[in-house]
Amino acid sequence: MHIGKSSTGIPKKSDNRNDETPLKTLIAPDINRFHKFTASFIDFPKPLVAVVNGPAVGIGVTILGLFDVVYATDRATFHTPFVSLGQAPEGCSTYTFPRIMGPGKAAEMILFGKKINAVEACQLGLVTEVFPDACLDQVWSRIYQWAQLPPKTLISAKGMLRALKKDFLHEVNDKECNNLVERLQCDEFFTAMMTFFSRKSKL
Numbered sequence: 030m031h032i033g034k035s036s037t038g039i040p041k042k043s044d045n046r047n048d049e050t051p052l053k054t055l056i057a058p059d060i061n062r063f064h065k066f067t068a069s070f071i072d073f074p075k076p077l078v079a080v081v082n083g084p085a086v087g088i089g090v091t092i093l094g095l096f097d098v099v100y101a102t103d104r105a106t107f108h109t110p111f112v113s114l115g116q117a118p119e120g121c122s123t124y125t126f127p128r129i130m131g132p133g134k135a136a137e138m139i140l141f142g143k144k145i146n147a148v149e150a151c152q153l154g155l156v157t158e159v160f161p162d163a164c165l166d167q168v169w170s171r172i173y174q175w176a177q178l179p180p181k182t183l184i185s186a187k188g189m190l191r192a193l194k195k196d197f198l199h200e201v202n203d204k205e206c207n208n209l210v211e212r213l214q215c216d217e218f219f220t221a222m223m224t225f226f227s228r229k230s231k232l
């Protein structure tokens, strides 16, 4: 059984107008790491269980489509504001979200940045079960029980569940990362970032 958490950042635009290094070259190492990060979830052989107990944004939401089970407390929220930030969806969400919740609901989240709560996420199928925040210990107790199951049999069963999708998910990851490179070089991205940080500075 594996439980993990992660965060990601955005590359900064160079202010040096004499720097002739193509922006794509500067972005590439970060996108490479990002690509490998998502690929590691696709290839991970053991069951992946996520526990969300607060606000989840961006990759912290999209990557959930690659988990086998997702638990959330009633304090959790899920937000994917990609378009408003001039960015591109990732974590294989362009495939997993429509498959899990249907194209219309996926569009509300990915295209229009609709924020949803834990109950809504559960109704859509992104979350497996919602627990009261005060009962989080019940979640860990359940996970620890599962961790005692025969490991090789667990891995074998997950392999059967996921085998047919693996190669396709890697293709989706490739396409999403290529699209992200293009978006991060776009004027809309830098304009969105300037607007975002300008708003934060006024808080």
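Anchor point for the sequence shown: position 134 equals 163 in the working numbering, and the numbering is continuous, going up by one each time. Glycine included, every Cβ here is placed at the ideal spot set by N, Cα and C. The structure presented is a predicted model; accordingly, all values stated were derived computationally and were not measured.
Self-check item: DSSP three-state assignment for F63, whether helix, strand or coil
Solution: helix
Exercise. Spatial neighbours of T50 within its chain, please: CB distance less than 7 Å, with the 5 preceding and 5 following residues excluded, ordered by chain position.
Key: Unreliable positioning characterises T50 in this predicted model, as indicated by a pLDDT of 48, which lies under 50. The coordinate reading is nonetheless provided below. Contacts found: none.
Quiz item: Can you tell me the Cα-Cα spacing of I184 and E205, whole angstroms?
Solution: 28 Å
Quiz item: In terms of residues, what are the limits of the beta strand (DSSP E) holding F107?
Solution: From DSSP, the beta strand (DSSP E) with F107 extends over 106-108.
Practice problem: For F96, count neighbouring Cβ atoms within 10 angstroms of its own Cβ and tell me buried if that reaches 16, exposed if not. | Solution: With 16 or more Cβ atoms within 10 Å of its Cβ, F96 is classed as buried.
Self-check item: Whole alpha helix (DSSP H) elements within the stretch 169-226, 4-residue minimum
Solution: 180-213
Quiz item: Under the rule that 16 or more other beta-carbon atoms within 10 Å means buried, what is M130, buried or exposed?
Solution: buried
Quiz prompt | Residue range of the unbroken beta strand (DSSP E) whose run includes T91 | solution = From DSSP, T91 is part of no beta strand (DSSP E) but of the alpha helix (DSSP H) over 88-91.
Self-check item: Rounded straight-line distance, which links the Cα of P118 to that of M138
Solution: Counting only the Cα atoms, P118 lies some 10 Å from M138.
Quiz item: Whose C-alpha, out of L165, F218, K195, is nearest the C-alpha of I71?
Solution: K195
Exercise. Check whether the Cβ atoms of V168 and F160 lie closer than 8 Å to each other.
Key: yes
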